[in-house]
Amino acid sequence: MLNLYDTATQTVKPLALRDPGTVSIYLCGPTVYGPPHLGHGRATLVYDILRRYLEWTGLRVRLVSNITDIDDKIIDRANREGRPWQDITNKCEDVWFRAMSQLGVQRPTDVPHATEYVDEMVAMIGTLVARGAAYPTDDGVYLSVESVPDYGLLAHQSLDDMLAGGGEREVLGAEQKRHSADFALWKFSKPGEPSWPSPWGDGRPGWHSECVVMSLQLLGDGFDLHCGGADLRFPHHENERAQSVALGREFARHWMHNGFVVDAEGEKMSKSLGNVANLLDLLEHYDPRAYRMLLLQSHYRSPVKVGQDNIDSSVKALANLDNFYARTSSCPNGAEDGALLADFRAAMNNDLDTPAAMALIFDTVRSANSALDDGDLARCATLRASAVHMADALGLNFTAGDDVDDVALGKAAELDAARVAKDFARADALRAELTAQGYVVETAKEGTRLRRG
RNA sequence: GGCGACGUGGCGGAAUGGCUUACGCAGCGGCCUGCAAAGCCGUUUAUCCGAGUUCGAUUCUCGGCGUCGCCUCCA
52 MLNLYDTATQ TVKPLALRDP GTVSIYLCGP TVYGPPHLGH GRATLVYDIL RRYLEWTGLR
112 VRLVSNITDI DDKIIDRANR EGRPWQDITN KCEDVWFRAM SQLGVQRPTD VPHATEYVDE
172 MVAMIGTLVA RGAAYPTDDG VYLSVESVPD YGLLAHQSLD DMLAGGGERE VLGAEQKRHS
232 ADFALWKFSK PGEPSWPSPW GDGRPGWHSE CVVMSLQLLG DGFDLHCGGA DLRFPHHENE
292 RAQSVALGRE FARHWMHNGF VVDAEGEKMS KSLGNVANLL DLLEHYDPRA YRMLLLQSHY
352 RSPVKVGQDN IDSSVKALAN LDNFYARTSS CPNGAEDGAL LADFRAAMNN DLDTPAAMAL
412 IFDTVRSANS ALDDGDLARC ATLRASAVHM ADALGLNFTA GDDVDDVALG KAAELDAARV
472 AKDFARADAL RAELTAQGYV VETAKEGTRL RRG
């Protein structure tokens, strides 16, 4: 059973399943108005690892992750660039899923779009108004946070305390709000802006409503887990929960939040700070597995520094795992080591302790290499199968790098012949040539082995 | 000001009231090799400061110092 930190109770507790055998998860997806940044990459990788692990343990996972395709930032960009807003959202979504695919992040089981659920949102807002929890003003419809008794549950702060600080912040919205923490469920549109009809006036939904409607509709009341980046805890998740409470419906029963990506100075990387490190750049310049490896070696709730040193270190670790995979390819099929897998599960079940899980994999890899060196092929096969199986649970694939062309193979044969003939000058020249072509040249008992490095 | 998280070796990063103080990267020494590479073995460097509880604390408590996050843009 997976034990997971729950933001609401601030404790690590078992992830209780509403429906035995099936896990229902809602993950807040991106607002599609720009390229994905490193923080997006971290969030999706963390939950991809969670999903894969749950499936690996035999559970069915329904993972709903939305696309916010209507939002002020989208409209702003469309106006700025003078193009249709759908043009921006369509392109950004394409880029998003291409990047996710490169990262090895599986597509969610459901990808609802905010614009597909506007009618449902209008209906929900109508219910909230009817229940006295929401009210219209000159510029939209707002939820009254004071109608939600435990507002602040996820923020771990009372309304009064929240207002006590941050006094310099500009309060968004009309002066007509009953409470400065009240948030927009519906925003009336200005001329030329995208809009949908509603009983209160044409407009568009506020950010926090879509997730409530889509999660409850697709996953049902009292779904198992709601996830997202730590910055969504408040206000976004708090406000989702507030709507659900105001509706009288049971919302997520467990809340999971991943930590931030921080820059070299240890400060949060985000778009608003203007120090965006683009995920696409990372994917372009490094093995796409490197980011996953980096994240696996830290805990999902800790801040992760993404810098040159870190990425290089992950790339090297990955290369060593690939080495193992290639050199042990002579012992491919073995039964897995049950005790080892039990240790692995124990590590993962402890709030997804992936660093400990990776330590087990590295230990296993070393043992497998030793077994191979000792000629114990049966043990090597068992350890190899175990390592591959564990890595699979984390979405980590090894590559043998064995796409070697015939010309290179010919040179490798020449190299072996030169070594036998003790023509070492010739052998060194051939090796240098192959290395220059990007091959890792390894001398094994059975002859020279080439791998893509 | 309020709330929360956290300070472990050269870097990243787990765990733990005492047992040989993970794991990755880097460094050093060795085995192997014609030399390398790959692999294996060994090894160097650490628990922010102070007090308390305890037979014993890096781990628990209190205080201090410091870092980061949230307090209506945000993964």
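Residue numbers 52 to 504, in the numbering used here, belong to the letters of the first sequence in order.
By construction, the Cβ of each residue, glycine as well, lies at the ideal position given by its N, Cα and C atoms.
Bear in mind that the values here come from a model prediction, so they are computed numbers and not experimental data.
Coarse secondary structure for residue i, derived from DSSP in three states
{"i": "P81", "result": "coil"}
{"i": "L391", "result": "helix"}
{"i": "A495", "result": "strand"}
{"i": "A235", "result": "strand"}
{"i": "Y514", "result": "Nothing can be reported for residue 514: it is not among the residues displayed for the chain, which extend from 52 to 504."}
{"i": "S116", "result": "strand"}
{"i": "N307", "result": "Before going on, a small fix: residue 307 reads as Met here, not Asn. Of the three classes helix, strand and coil, the one that applies to M307 here is strand, per DSSP."}
{"i": "V146", "result": "helix"}
{"i": "L324", "result": "For L324, the predicted structure reports a pLDDT of 49, less than 50, and the residue's modelled location is therefore unreliable. The matter cannot be settled from this model."}
{"i": "V471", "result": "helix"}
{"i": "R255", "result": "strand"}
{"i": "P65", "result": "strand"}
{"i": "D453", "result": "coil"}
{"i": "D338", "result": "coil"}
{"i": "R111", "result": "strand"}
{"i": "A408", "result": "helix"}
{"i": "E219", "result": "Because E219 sits at a pLDDT of 49, beneath the cut-off of 50, its placement in the model cannot be relied upon, and the following sentence gives the value as read from the coordinates. DSSP places E219 in coil when its eight states are reduced to three."}
Cβ-based burial, residue i [other Cβ within 10 Å; buried from 16]
{"i": "K228", "result": "buried"}
{"i": "E289", "result": "buried"}
{"i": "G218", "result": "Confidence in G218 is poor, its pLDDT being 43 and thus under 50, which makes the residue's placement unreliable; the coordinate value appears in the next sentence. With fewer than 16 Cβ atoms within 10 Å of its Cβ, G218 is classed as exposed."}
{"i": "G325", "result": "Note that G325 scores a pLDDT of 49, beneath 50, so its modelled location is shaky and nothing firm can be said."}
{"i": "F475", "result": "exposed"}
{"i": "G254", "result": "buried"}
{"i": "S365", "result": "buried"}
{"i": "N141", "result": "exposed"}
{"i": "K367", "result": "exposed"}
{"i": "K462", "result": "buried"}
{"i": "T494", "result": "exposed"}
{"i": "S195", "result": "buried"}
{"i": "H305", "result": "buried"}
{"i": "A94", "result": "buried"}
{"i": "V471", "result": "exposed"}
{"i": "R134", "result": "exposed"}
{"i": "D122", "result": "buried"}
{"i": "E291", "result": "buried"}
{"i": "T60", "result": "exposed"}
C-beta atoms of residue i and residue j nearer than 8 Å
{"i": "N28", "j": "F375", "result": "With the chain covering 52 to 504 only, the question about residue 28 has no answer from this structure."}
{"i": "V112", "j": "V162", "result": "no"}
{"i": "L78", "j": "Y98", "result": "yes"}
{"i": "A185", "j": "L267", "result": "no"}
{"i": "P256", "j": "V169", "result": "yes"}
{"i": "H277", "j": "A303", "result": "yes"}
{"i": "I125", "j": "W136", "result": "yes"}
{"i": "I35", "j": "R128", "result": "Only positions 52 to 504 of the chain appear in the structure, and residue 35 is not among them; the question remains open."}
{"i": "A386", "j": "T415", "result": "no"}
{"i": "E244", "j": "M172", "result": "no"}
{"i": "S231", "j": "L205", "result": "no"}
{"i": "Q153", "j": "L334", "result": "yes"}
{"i": "R340", "j": "H308", "result": "no"}
Residue closest to residue i, alpha-carbon to alpha-carbon, out of the options
{"i": "D272", "options": "L68, A422, V83 and D123", "result": "L68"}
{"i": "V525", "options": "R396, Q137, A165 and L369", "result": "Any answer about residue 525 is impossible in this case: the structure gives the chain only from 52 up to 504."}
{"i": "R103", "options": "Y490, N130, D57 and V156", "result": "V156"}
{"i": "A464", "options": "L445, G80 and L485", "result": "L485"}
{"i": "E316", "options": "G358, M307 and Y342", "result": "G358"}
{"i": "R158", "options": "N141, N117 and P187", "result": "N117"}
{"i": "R131", "options": "S152, Y84 and V439", "result": "Y84"}
{"i": "N384", "options": "C431, L411, E493 and R93", "result": "C431"}
{"i": "F413", "options": "D402, Y56 and S437", "result": "S437"}
{"i": "V492", "options": "G279, L466 and A472", "result": "L466"}
{"i": "A370", "options": "R435, V115, S295 and A451", "result": "A451"}
{"i": "V355", "options": "A408, K319 and A422", "result": "K319"}
{"i": "V458", "options": "F449, L345 and L481", "result": "L481"}
{"i": "P248", "options": "R300, G133 and I176", "result": "I176"}
{"i": "H88", "options": "D275, H207, D363 and Y342", "result": "Y342"}
Bridge partner(s) assigned by DSSP for residue i
{"i": "H88", "result": "N329"}
{"i": "K319", "result": "V313"}
{"i": "V355", "result": "V312"}
{"i": "C278", "result": "L78 and M307"}
{"i": "A185", "result": "L194"}
{"i": "H164", "result": "I118"}
{"i": "N401", "result": "N54"}
{"i": "L501", "result": "V492"}
{"i": "T140", "result": "In the DSSP output, where bridge partners are listed per residue, T140 has none listed."}
{"i": "D70", "result": "T73"}
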